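Residue numbers for the sequence shown follow the numbering used here, so the first one is -6 and each next one is one higher.
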Amino acid sequence: MKRGMMHLAAIVAGGVLLLSLLYFLIVLSPAHTKRQSFDRHVVRMKNDLIQMTALKSQWEASVKSRAEAEKTIEQRGKGFTLLSHLEGICRQLGIEGRIQYMKPLEMPHQEGPIRATGIEMRLSELDIRAMVLFLYRIEHSGQLLSISRIKIRPSAEEGKRSLELVLQINTCM
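In structure tokens:
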């Protein structure tokens, strides 16, 4: 009977092993795979949330910046022109006689209430101090002016060293 019991024990052990294998293949393995997939999805969603939070911050900063720009445009009034403002800066610095030309730039047409305008300007016989003060007054005027292009060339006339400045200044109206 020992032989029969051993045979029966081997069959039971094989059955248990087979049932364990089936349980693993049918229940545990798919559950583990789904869990891994779910974990990857959670990580992806967290990254998306972080990105959305960053985009929200950028959007809020953009809206705030636009509101400040619109307020600045409103405060400078309807009579503001870029040409007269730049001439005023030159007058304040005493370099209005050094303006060679000022011509309007063609800007692409934009939809909406705000439109871009620009002027190209050439000044000659400037010293470094006058040039730096002029550029500083443009950039820090509080009138939404920006220098989009600048070209500085040295010039020497009659033994006197000076600079020639060609620049493009843009703003919104």
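Don't be surprised by glycine CBs; every beta carbon is placed ideally from N, CA and C. Since we're looking at a predicted model, the values are computed, not measured.
- request: Would you grab the beta carbon distance between Ile92 and Met124 for me? Rounded to a whole angstrom, and I think it's under 8 Å.
  value: The beta-carbon distance between Ile92 and Met124, rounded to whole angstroms, is 13 Å. This is too long to meet the 8 Å contact definition.
- request: Whole angstroms is fine: what's the gap from Tyr94's alpha carbon to Ser117's?
  value: 10 Å
- prompt: Buried or exposed: which applies to Ile82, given that a residue is buried once 16 or more other Cβ atoms fall within 10 Å of its Cβ?
  reply: buried
message: From the DSSP secondary-structure annotation, give me the bridge partner or partners of Ile92.
response: Leu116
Contact under 8 Å by Cβ, Arg142 with Glu157: no
task: Within 10 angstroms of the Cβ of Gly8, are there 16 or more other Cβ atoms? Answer buried if so, exposed if not.
output: exposed
message: By the DSSP assignment, the beta strand (DSSP E) with Ile19 in it spans what residues?
response: Taken as a continuous stretch (DSSP letters only), Ile19 belongs to no beta strand (DSSP E), as it is neither H nor E.
message: Buried or exposed, going by whether 16 or more other CB atoms sit within 10 Å of the CB of Phe73?
response: Taking all protein chains in view, the Cβ of Phe73 is surrounded by fewer than 16 other Cβ atoms within 10 Å, so the residue is classified as exposed.
- request: To the nearest angstrom, report how far apart Glu89 and Val159 are at their CA atoms.
  value: 15 Å
- prompt: So does the region 42 to 57 actually touch the region 93 to 111, counting three or more Cβ pairs closer than 8 Å?
  reply: The region 42 to 57 is not in contact with the region 93 to 111.
- request: For Lys144, decide whether its Cβ has a neighbour in chain B, counting only Cβ atoms nearer than 8 Å.
  value: Absent here is chain B; the protein component of the structure consists of one chain.
query: Closest to Ile66 by CA distance: which of Ala109, Phe17, Arg37, Ala6 is it?
result: Ala109
- prompt: When the Cα atoms are used, what is the spatial distance from Gly111 to Leu48?
  reply: 31 Å
message: Considering only their Cβ atoms, is the gap separating Gln161 from Leu98 smaller than 8 Å?
response: yes
- request: Could you say which of Leu128, Leu86, Met(-2) lies nearest to Lys144 if we only look at CA atoms?
  value: Checked all of Leu128, Leu86, Met(-2); the closest Cα to Lys144 is Leu128.
- prompt: Can you give the Cα-Cα distance for Leu14 and Glu53, rounded to whole angstroms?
  reply: 57 Å
- prompt: In the structure shown, what three-state DSSP assignment does Lys71 receive?
  reply: Coil, per DSSP.
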